[in-house]
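Colleague: I have a structure here, written as structure tokens, and I will follow up with some questions on it.
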């Protein structure tokens, strides 16, 4: 019984407050008031939320705590949880009541409604029913879910209203999830979370290479013929839309729905995905060695800058519609790919290969094949070749304006010109010329193609020809290979001739080498000999100098001695002269005395002949020679003595004496006085000479 009483007492305690209209709302919930009846009557005009006390769901909320006078026969209180938006998340709202949207409007405009927490202000300030432009950021909100349906990433807050198409809210939630609508738009990469922490707290934004292309789904449509909505910017005193985050400001500035010219760059943006969807695209990067030619699909029609002679489209100033005259240099650009198309044009030398199955990294030549030729002598080679090209960066817009892109330039111009040129060359050339005169063909092709390509603003740097190949089936002999064999044999014969010549030269050089080696072997001796020669020369020069010095000394000494001798000789000569003069004087005196004696003797003999015979006999008496010689020599003498010797006076005198005797015996003596005198004089002379000779002896 006690428990029964207690139960009854508890029931009474709970029932009485309820009957008296006392309601308690927990602080983590809100109370949505549904007025069952009112003296003012029911709602009118299709409204479901009452703001003036009429029957229906009331706009005012009951917050946490006790509330009175909500008697059960007039009010029904629906308790619903507060709306929670997670950190770095977005919540979307759908208003069940409000002014209807006009046909041109997609989302309901934003009104000053305290972040949708005051439904009365929303409804009385012109709030519109439908999906809202405003969004909820992270936080906890006391929202009347009878007026607003709140869609979050994890839950849909539908409130106490039961609708037949509640599944559409789930559909909206799924669509927003597909477009990452519950998270802000992040352009650029974030560091990965560490130790469970949120990336926004721990990671700094890394340098990104992406942009966000915005498509707005609300607002007035763009003008007819346009494909991109123009960029809107705030002037002085106006509020900026802050990269599509302030939707009302965007529309107030004249923003239009559609693809937007302005893109989002690195950063985080809280954007309503019902209002605008974001496409992530890479930034436009113009690498080194290229320029980016801009083809603009947006802008006013500009004036063609290429003139009337160039009829390949329009080239305009930057910002106008058409091909921009100035290309973009290497770098990164945040360009809208729907408004601008960037054609990359290489400005450094690049290679195109007309070789089947080969291509460069740029892949411009992926559809090019080796060129099939027919030569003048009937060969059908396949010619692989490469082309080195260059495009002037200032002429790159003209190339794009003319051809659209580099691939079309290659396929529509370069390939036909190059193929036709080499087919013409092959028709006038023999196969052997293609093999042996490749350098000349390359040079002529480079010059000719450079002249032709110049008309298309292309610079031909070089034409490089590969080895021709034959179109042969399996088992067939390759005619080009056979021709190569002939060339090799011819070349081998030529090389052999050259080899023999070189061997001959080598033999001669070898002989020279041996001579040089022999000379090198004797080089030490030769060097020593040269040194000896130099030493001998130096010694000879030293000896010559010494001899010259000694000679000079001897000359000086000789001159001194000669002078001394001259002086001595002169003194001796004078002495001898004086002595001789004295001796001569003595002899003369003696001779004269003897002559006088001899003359007296002659006179004493009375006849000179007798005196002469007396002298002869005396000479014979004292002679050691036999009287009659054993040998007889017949010889003549001079006047001064025998054999020209002045001292030999004896024989000469003897001859004269014999002559005189013979003359006398022959009877030829002079008869006259003159002859006698001459004979006497001769005898006197002989006597004198005899005296002189005796004196000298």
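Residue numbers (this note's numbering): 2 to 698.
Don't be surprised by glycine CBs; every beta carbon is placed ideally from N, CA and C.
All of these numbers come straight from a predicted model, not from anything done at the bench.
Give me, in chain order, the residues of the same chain whose beta-carbon lies closer than 7 Å to that of residue 29; leave out the 5 immediate sequence neighbours on both sides.
Modeller: Position 28 of the chain shown, counted from the start, is the residue given in the question as residue 29. Hits under 7 Å: 82, 83.
Colleague: Just list the residues that DSSP pairs residue 291 with in beta bridges.
Modeller: Numbered from 1 along the chain shown, position 290 holds the residue referred to as residue 291. DSSP output for residue 291 lists 347 as bridge partner(s).
Colleague: With DSSP collapsed to three states, give me the class of residue 638.
Modeller: Here residue 638 refers to the residue found at position 637 when the chain shown is read from its first residue. Confidence is the limiting factor: at residue 638 the pLDDT is only 46, short of 50, which leaves the residue's position unreliable, though a coordinate-based value still follows. Correct three-state label for residue 638: coil.
Colleague: From residue 267 to residue 210, what does the alpha carbon distance come to, in whole angstroms?
Modeller: On the chain shown, position 266 is the one that residue 267 refers to. On the chain shown, position 209 is the one that residue 210 refers to. Rounded to the nearest angstrom, the two C-alpha atoms are 8 Å apart.
Colleague: Exposed or buried, residue 640, counting other C-beta atoms within 10 Å across all chains shown (16 or more means buried)?
Modeller: Reading the chain shown from its first residue, position 639 is the one you call residue 640. Residue placement at residue 640 cannot be trusted, given a pLDDT of 44 that sits under 50; what the coordinates show is reported in the next sentence. That one is exposed.
Colleague: Let me check understanding here. Comparing Cα to Cα, which of 7, 73, 23, 169 lies closest to residue 36?
Modeller: Residue mapping note: residue 36 aligns to position 35 of the chain shown, counting from 1. Here the closest residue by C-alpha is 73.
Colleague: Got a sec? Which residues, its chain only, sit under 7 Å from residue 60 by beta carbon, not counting five neighbours each side?
Modeller: Working through the chain shown from its first residue, we reach residue 60 at position 59. Excluding positions up to five away in sequence, the list reads 50, 51, 52, 120, 121, 124, 145, 148.
Colleague: Rounded to the nearest angstrom, what separates residue 371 and residue 499 at their Cα positions?
Modeller: Locating residue 371 in the chain shown gives position 370, where the first residue counts as 1. Locating residue 499 in the chain shown gives position 498, where the first residue counts as 1. Roughly 37 Å between the two C-alpha positions.
Colleague: For the beta strand (DSSP E) that residue 70 lies in, which residues bound it at each end?
Modeller: Within the chain shown, the letter at position 69 stands for residue 70. Segment: none, residue 70 is in no beta strand (DSSP E) and carries neither H nor E.
Colleague: Beta-carbon separation of residue 282 and residue 212 under 7 Å?
Modeller: As a working note, residue 282 is residue 281 in the chain shown. As a working note, residue 212 is residue 211 in the chain shown. Against a cut-off of 7 Å, the Cβ pair of residue 212 and residue 282 comes out as a contact.
Colleague: Starting from the N-terminal side, write out each stretch of the beta strand (DSSP E) that is 3 residues or longer and does not extend beyond the stretch 475–507.
Modeller: Segments of the beta strand (DSSP E) lying fully in the stretch 475–507: there are none.
Colleague: Shortest alpha-carbon distance to residue 58 belongs to which of 417, 536, 331, 80?
Modeller: Within the chain shown, residue 58 is the residue found at index 57, counting from 1. Taking only the C-alpha atoms, the option nearest residue 58 is 80.
Colleague: Determine, using beta carbons only, whether residue 337 and residue 264 come nearer to each other than 7 Å.
Modeller: One-based indexing of the chain shown puts residue 337 at position 336. One-based indexing of the chain shown puts residue 264 at position 263. A contact, by the Cβ cut-off of 7 Å.
Colleague: Taking the beta carbon of residue 366 as the centre, do at least 16 other beta carbons fall within 10 Å, making it buried, or is it exposed?
Modeller: Within the chain shown, residue 366 is the residue found at index 365, counting from 1. It is buried - the Cβ of residue 366 has at least 16 other Cβ atoms within 10 Å.
Colleague: List the residues that DSSP assigns as beta-bridge partners of residue 222.
Modeller: Position 221 of the chain shown, counted from the first residue, corresponds to residue 222. Its beta-bridge partners do not exist; DSSP assigns none.
Colleague: Run the CB neighbour count on residue 530, radius 10 Å, all protein chains shown included, and call it buried at 16 or more, exposed below.
Modeller: By one-based count along the chain shown, residue 530 stands at place 529. Exposed: under 16 other Cβ atoms inside 10 Å.
Colleague: List, from N- to C-terminal side, the beta strand (DSSP E) runs of 3 residues or more that fit wholly inside the stretch 35–85.
Modeller: DSSP runs (the beta strand (DSSP E)) wholly in the stretch 35–85: 57–63, 66–68, 76–82.
Colleague: Could you pull the DSSP bridge partners for residue 286 from this structure?
Modeller: As a working mapping, residue 286 is identified with position 285 in the chain shown. Answer is 333, bridged to residue 286.
Colleague: Count the other C-beta atoms from every protein chain shown that fall within 10 angstroms of the C-beta of residue 648, then say buried if there are 16 or more, exposed otherwise.
Modeller: On the chain shown, position 647 is the one that residue 648 refers to. Model confidence at residue 648 stands at a pLDDT of 42, short of 50, so the residue's coordinates are unreliable and nothing is read from them.
Colleague: In chain order, what residues of the same chain have a beta carbon less than 6 Å from the beta carbon of residue 435, not counting five sequence neighbours either side?
Modeller: Position 434 of the chain shown, counting from 1, holds the residue named residue 435. The residues are 469.
Colleague: Evaluate residue 7 with the Cβ neighbour count: other Cβ atoms within 10 Å of its Cβ, from every protein chain shown; 16 or more gives buried, anything less gives exposed.
Modeller: If you number the chain shown from 1, residue 7 lands on position 6. Exposed, since its Cβ has fewer than 16 Cβ neighbours within 10 Å.
Colleague: Between residue 233 and the rest of its own chain, which residues show a CB-CB distance below 6 Å, the 5 nearest in sequence each way excluded?
Modeller: Counted from its first residue, the chain shown places residue 233 at position 232. Answer for residue 233: 254, 255, 256, listed in chain order.
Colleague: Would you mind stating whether residue 334 and residue 285 have Cβ atoms separated by less than 7 Å?
Modeller: Residue mapping note: residue 334 aligns to position 333 of the chain shown, counting from 1. Residue mapping note: residue 285 aligns to position 284 of the chain shown, counting from 1. Yes, Cβ-Cβ distance for residue 334 and residue 285 is below 7 Å.
Colleague: Would you check if the stretch 127–137 and the stretch 100–119 touch, i.e. whether three or more CB-CB distances between them fall below 8 Å?
Modeller: Touching, yes.
Colleague: Nearest-angstrom Cα distance between residue 591 and residue 579?
Modeller: Taking the first residue of the chain shown as 1, we reach residue 591 at position 590. Taking the first residue of the chain shown as 1, we reach residue 579 at position 578. Computed Cα separation, rounded: 18 Å.
Colleague: Quick check: the stretch 103–114 against the stretch 152–164, are at least 3 beta-carbon pairs closer than 8 Å?
Modeller: With a cut-off of 8 Å, the stretch 103–114 and the stretch 152–164 do not count as touching, because too few Cβ pairs lie within range.
Colleague: Residue 9 by DSSP, collapsed to three states: which one?
Modeller: As a first step, residue 9 must be located in the chain shown, where it is residue number 8. Note: residue 9 maps to helix in three-state DSSP.
Colleague: Would you call the CB atoms of residue 92 and residue 162 closer than 7 Å?
Modeller: The residue you call residue 92 lines up with position 91 of the chain shown. The residue you call residue 162 lines up with position 161 of the chain shown. For residue 92 and residue 162, no; Cβs fall outside 7 Å.
Colleague: Out of curiosity, what's the CA-to-CA distance linking residue 134 and residue 94?
Modeller: Taking the first residue of the chain shown as 1, we reach residue 134 at position 133. Taking the first residue of the chain shown as 1, we reach residue 94 at position 93. Answer to the nearest angstrom: the Cα atoms are 8 Å apart.
Colleague: Mind checking which residues open and close the alpha helix (DSSP H) that includes residue 723?
Modeller: No statement about residue 723 is possible, as the shown extent of the chain runs from 2 to 698 and does not include it.
Colleague: Please report the Cβ distance between residue 375 and residue 459, rounded to the nearest whole angstrom; I am assuming they are in contact, meaning their Cβ atoms lie under 8 Å.
Modeller: Here residue 375 is taken as the residue at index 374 of the chain shown, counted from 1. Here residue 459 is taken as the residue at index 458 of the chain shown, counted from 1. Actually they do not touch by this definition, with Cβ atoms about 28 Å apart.
Colleague: Nearest CA to the CA of residue 154: which residue from 562, 229, 185, 165?
Modeller: Taking the chain shown and counting its residues from 1, one reaches residue 154 at position 153. Looking at the Cα atoms, 185 is the closest of the given residues.
Colleague: Name the DSSP beta bridge partners of residue 211, please?
Modeller: Locating residue 211 in the chain shown gives position 210, counting from the first residue. In DSSP, residue 211 forms a bridge with 283.
Colleague: What three-state label does DSSP hand residue 364 in the structure shown?
Modeller: Position 363 of the chain shown, counted from the first residue, corresponds to residue 364. Looking at residue 364 - three-state DSSP - the assignment turns out to be coil, as it is neither helix nor strand.
Colleague: In chain order, what residues of the same chain have a beta carbon less than 6 Å from the beta carbon of residue 387, not counting five sequence neighbours either side?
Modeller: Here residue 387 refers to the residue found at position 386 of the chain shown. Answer for residue 387: 352, 354, 465, listed in chain order.
Colleague: List the DSSP bridge partners of residue 278.
Modeller: Translated into positions along the chain shown, residue 278 becomes position 277. Bridge partners of residue 278: 216.
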